[in-house]
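Shown next, in structure tokens, is the structure this report addresses.
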Amino acid sequence: MTSTSRLRSTASSARNSAIVRYDTPDSRPTGSTSRHEASDPNDDHMSDDIIDRLTADCVKYLLIISHKKTVIKRADLLKTVAGKQSLPSRGQSDAIIKRVRSEMSRVFGLSLVECPDATNTYIVVNKLPADGLKHVMDGDSMPDSQHFMSALLTTVLALIFMSQQSCPEDLMWRFLKRIGFDVSSKTAIQLNDDLTTNTTLKKLLTEVWVRQMYVKYEKIAGSDPITHEFKWGFRAENEFNKLDVLKFVCNVFADGSQPEFWRTQYTAAIPANDDTAAEGSEVLID
């Protein structure tokens, strides 16, 4: 069994075990209120037991759909888990979402992140496993479709990052062609654990990953004829560490150079309060 398969198997087992735990009638998420302390004295139309159940059901529902990389509206989430039960008040909804976030992070290492452009809209994000990126950096062969997709996505995000945060689409297509990808030919692409589809890499980048918020595909202002550029999407900003992506570039595309050699990119990759940025070249992938 490959390391990626073992990682996925372990994560799946842990998730299933935790879901079973959430199905236990007496279970209560960490940080839930007691019988004698309500989140809001005016929010008395729903019992603590029901709030606990809604919290647990929200966690289970988010775990089930997280691999689909969809955008989740708070109202839709609560309606789905409430069923015929009356919806919680605003104060109770806030408390439920707060507890859901805590449980997702504590038990599963996942984050429920609110989208910046839409209030009460969320995505579930997970940091790219360090060993998964290490296999790509070490040049290992792709053991399965999921690993291939991770490597391709990392490569696309790396090109955008090395192009100073925005990459014209013609540069993207030329670069992918140069490393062996025909962006116009249909191929079987595994979008998630349940769905494999025949589509083009071009459609994957401009539609699928745009919907999943890994990339932005935007018209370049004033371009004639109309052209577009790629930028990192909100999900990528939350799941990927820019310094790790820069190290990936150094190992795979830049003959093992040091991250500090790429002055502009290194400065953008390190934390704002880190003063260790070094002088160096501003060479870009072209």
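Taken in order, the sequence shown gives residues 1 to 286; the numbers are from the UniProt record's numbering. Every residue gets a Cβ at the ideal spot worked out from N, C-alpha and C, and that includes glycine. Nothing here was measured: the structure is a model prediction, and the numbers come from that model.
Practice item. Note the first and the last residue of the continuous alpha helix (DSSP H) segment covering W173. Key: 169 to 178
Check your understanding: Over what stretch of residues does the beta strand (DSSP E) that includes V183 continue unbroken?
Key -> Run containing V183: none; DSSP gives neither H nor E here.
Review point. Around the C-beta of I189, are 16 or more other C-beta atoms found within 10 angstroms, so that it is buried, or is it exposed?
Key: buried
Point to revise | Continuous beta strand (DSSP E) assignments of at least 3 residues falling wholly in the segment 185 to 261 | key: 186 to 190, 196 to 200, 215 to 219, 228 to 232
**Study point:** Proximity to T155 [Cα-Cα], best of V249, A254, C58
**Key:** V249
Review point. Out of T70, S47, S66, V245, which has the shortest C-alpha to C-alpha gap to M162?
Key: V245
**Study point:** Inter-residue spacing [alpha-carbon to alpha-carbon] between G256 and V59
**Key:** 42 Å
**Study point:** Buried or exposed by the 16-neighbour rule on C-beta atoms within 10 Å, applied to E207
**Key:** exposed
Check your understanding: How would you call D224, buried or exposed, if buried means at least 16 neighbouring beta carbons within 10 angstroms?
Key -> exposed
**Study point:** Collapsed DSSP secondary structure at L112 in the structure displayed
**Key:** strand
Check your understanding: Could you give the C-beta distance for E229 and E169, rounded to a whole number, given that I count them as a contact under 8 Å?
Key -> 6 Å
Check your understanding: Nearest-angstrom Cα distance between V124 and Y217?
Key -> 21 Å
Point to revise | Three or more C-beta pairs below 8 Å linking the segment 106 to 120 and the segment 66 to 83 | key: yes
Point to revise | C-beta contact flag for K231 and S166 at 7 Å | key: yes
Check your understanding: Using a Cβ-Cβ cut-off of 8 Å (strictly less than) and excluding sequence neighbours within five positions of S141, which residues of its own chain qualify?
Key -> Reliability of the predicted coordinates at S141 is poor, the pLDDT of 47 falling under 50, and no value is obtained from them.
Review point. With a CB to CB cut of under 6 Å and the five nearest residues on each side skipped, what residues in its chain are close to A269?
Key: K242, L243, L246
Practice item. Could you tell me whether the Cβ atoms of R235 and M213 are closer together than 7 Å? Key: yes
Check your understanding: With burial defined as no fewer than 16 other Cβ atoms inside 10 Å of the residue's Cβ, what is the status of A56: buried or exposed?
Key -> buried
**Study point:** Same chain, Cβ closer than 6 Å to L152, neighbours up to 5 away in sequence not counted
**Key:** none
**Study point:** Closest residue to L54 among R211, M172, Y266, L78 (Cα-Cα distance)
**Key:** L78
Check your understanding: Can the beta-carbon of M149 be found closer than 7 Å to that of Q92?
Key -> no
Practice item. Please confirm whether F175 and L201 have their CB atoms less than 7 Å apart. Key: no
Review point. V100 and L87 look like a contact to me (Cβ under 8 Å); what is the Cβ gap, rounded to whole Å?
Key: Not confirmed; about 15 Å, so no contact.
**Study point:** Exposure of G31, with buried meaning 16 or more beta-carbon neighbours within 10 Å
**Key:** The pLDDT assigned to G31 is 46, lower than 50, so where the model puts this residue is not dependable, and the model offers no usable value.
Exercise for review: Thinking E239 and N126 are a contact (beta carbons under 8 Å), I'd like their distance in whole angstroms, please.
Suggested key: 6 Å
Practice item. Pick out whichever of Q85, P259, W209, H67 has its Cα sitting closest to the Cα of I51. Key: Q85
**Study point:** N108 versus M172, L62, A95, K186, residue with shortest Cα-Cα distance
**Key:** According to the sequence provided, residue 108 is Phe. The question's Asn does not apply to it. F108 has its Cα closest to that of L62, out of M172, L62, A95, K186.
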